[in-house]
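S.K.: Below is the structure I would like to discuss, written out as structure tokens.
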Amino acid sequence: MTVLPPLPPALSVPVPGFGALSLHYRQGSGMPLLLLHGFTDCAESYRLLLPHLGDRPLAIPDLRGHGRSFWSDDMSLDSLAGDAYRMLRAIHQPKAVVVGHSLAALIALRLAGLAPECVAGLVLISGSLRPASPALTRLADRIRVLPDPLPVDHSFFALWHQTERQVPEPFLTHLAASAAAMRRRDWMACIGLLADADLRNEAASLHCPALVLSGGRDAIFDAGHQKELAAHLPDAEQIIFPDLGHNPHWEAPQEVAAAILGFCRARCGNPPSSGAHNPSPASRNARTGRRDAP
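Under numbering that gives the first Met the number 0, the residues of the sequence shown are numbered 0 to 293, in order.
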């Protein structure tokens, strides 16, 4: 029987007029990591990564419309980024390295644009600046014809959660249950957000260091998306895991965690005291590089 690593305890972060966000939080030492999950996932998406992240403070929310957080008809990028800002304030962390997977890579970019003082660095996993593509259109078409409610054992999840390496089945079962519990209109709102987004100008204006992580076999946001993302960020490096797909943090959590921690140590400094803002020296020295992971 596979025993999954436990998530940190959950806090409830109120959003006046809407409800509450569910936020798993662990205290620790060093620059905090804010781990934002992708479309239809929840905080569970980072379970396999947790044992490899050392003793850093970790904040792992369910995005609005996902997991145990409140449902909302406002699924805009500004609102999602505003939620991330609110969660950092709730745990009294003035600054963090923001890790965003897929949809959440866009949320992380928007947060860095709206509140740069809060973002020590960005780790963008399987992200895109312009997600609209034939692959996204095919995904939207599949989702439109799914039954509602969606059974947890529906064949769609075998495709949606397809991985290049074996992943524990209980882990995928948790994610399928969370996705099946979402409202269908929230699925479609997220698809619409992705289809309409174009963050090229926004990315080009950022000054924080960024790490662009991707799998070489990503069928949703392929190498073209990753190349454009890295090229538009003024201070970015890129790591490609050639044999992984859209979810490298599931497929190779130890390797992905090592890349994240190495980036944090090299580029993101130490956390400021509460209320202070110390610009990272790295943000003043732009560099762009790419390497393949072994």
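Ideal Cβ positions, reconstructed from N, Cα and C, are used throughout, including at glycine.
1) Excluding the five sequence neighbours on either side, which residues of its own chain have a C-beta within less than 7 Å of the C-beta of Val12, listed in chain order?
2) With a Cβ-Cβ cutoff of 8 Å, do Pro247 and Gly214 count as a contact?
3) Please list the terminal residues of the continuous beta strand (DSSP E) segment that includes Gln161.
4) Distance check for His51 and Ala196, CA to CA, integer angstroms please.
5) According to DSSP, is Phe240 part of a helix, a strand, or is it coil?
6) By Cβ distance below 7 Å, which residues in the same chain neighbour Ser71 in space, the five residues on each side in sequence not counted?
7) Only counting the same chain, and skipping five residues up and downstream in sequence, which positions put a Cβ closer than 7 Å to that of Gly66?
8) Establish whether the CB of Ser71 and some CB of chain D are separated by less than 8 Å.
9) Could you tell me which of Pro4, Leu32, Leu108 sits nearest to Leu228, measuring between CA atoms?
10) Residues in its own chain within less than 6 Å of His276 by CB, not counting five upstream and five downstream?
11) Cβ of Ile106 within 8 Å of Cβ of Ala134?
12) Based on DSSP bridge pairs, tell me the residues matched to Leu47.
13) To the nearest angstrom, report how far apart Asn284 and Asp185 are at their CA atoms.
14) Does Arg25 come out as helix, strand or coil in the three-state DSSP assignment?
15) The beta strand (DSSP E) spanning Pro60 covers which residue range?
16) Given Ser273, which residues of its chain have a CB within under 7 Å of its CB, disregarding the five upstream and five downstream residues?
17) In chain order, what are the residue ranges of uninterrupted alpha helix (DSSP H) at least 4 long that sit wholly in the stretch 99-149?
18) From this set, Phe170, Ala179, Asn200, Val2, which residue's C-alpha is nearest Arg129's C-alpha?
19) Of the residues Arg143, Leu6, Thr172, which one's Cα is nearest the Cα of Met187?
20) Note down the Cα distance separating Gln237 from Thr162, rounded to an integer number of angstroms.
21) Quick one: grab the DSSP three-state call for Pro208.
22) For Leu34, which residues from the same chain have a beta carbon less than 6 Å from its beta carbon, with the 5 sequence-adjacent residues on both sides left out?
23) For His231, collect the residues of the same chain with a Cβ closer than 7 Å to its Cβ; drop the 5 residues on either side in sequence, then sort them by chain order.
24) Report yes if the CB atom of Pro252 is closer than 8 Å to the CB atom of Leu47, and no otherwise.
25) Have a look at Pro278 and Pro208 and give me their C-alpha separation to the nearest angstrom.
26) Checking the sheet assignment: what are the DSSP bridge partners for Pro13?
27) Can you give me the Cβ contacts of Ala256 inside the same chain, cut-off strictly under 7 Å, excluding the 5 residues immediately before and after it?
28) Is it the case that the Cβ atoms of Thr1 and Pro169 are separated by a distance below 8 Å?
29) Relative to the alpha-carbon of Gly244, which residue among Phe262, Ala235, Phe220 has its alpha-carbon at the smallest distance?
30) Run through DSSP, which three-state label would Ser78 get?
31) Among Leu149, Leu32, Leu158, which has the Cα closest to the Cα of Arg137?
M.R.: Reading it off the structure:
1) Ala19, Leu20, Leu22, Arg85, Met86, Ala89
2) yes
3) Gln161 -> no beta strand (DSSP E), and no H or E assigned at all.
4) 32 Å
5) strand
6) Phe17, Arg63, Gly64
7) Ser21, Cys41, Ala42, Ser177
8) Judged by its chain identifiers, the structure shown contains no chain D, having just a single protein chain.
9) Leu108
10) With a pLDDT of only 36 at His276, under the threshold of 50, the placement of this residue in the model should not be trusted; the figure read from the coordinates follows. The answer, listed in chain order, is Glu116.
11) no
12) In DSSP, Leu47 forms no bridge with anything.
13) Per-residue confidence for Asn284 stands at a pLDDT of 26, beneath the threshold of 50, marking its modelled position as unreliable; the derived number appears in the next sentence. Approximately 40 Å, taken between the alpha carbons.
14) strand
15) 57-60
16) Because the pLDDT at Ser273 is just 48, under 50, the model does not fix this residue reliably, and the point stays unresolved.
17) 102-113, 133-143
18) Asn200
19) Arg143
20) 21 Å
21) coil
22) Tyr45, Ile59, Val98
23) Leu128, Arg199, Ala202, Ala203
24) yes
25) Note that Pro278 scores a pLDDT of 32, beneath 50, so its modelled location is shaky; the value from the coordinates is reported in the next line. Cα to Cα, Pro278 sits roughly 11 Å from Pro208.
26) Ala19
27) Leu48, His51, Leu52
28) yes
29) Phe220
30) helix
31) Leu158
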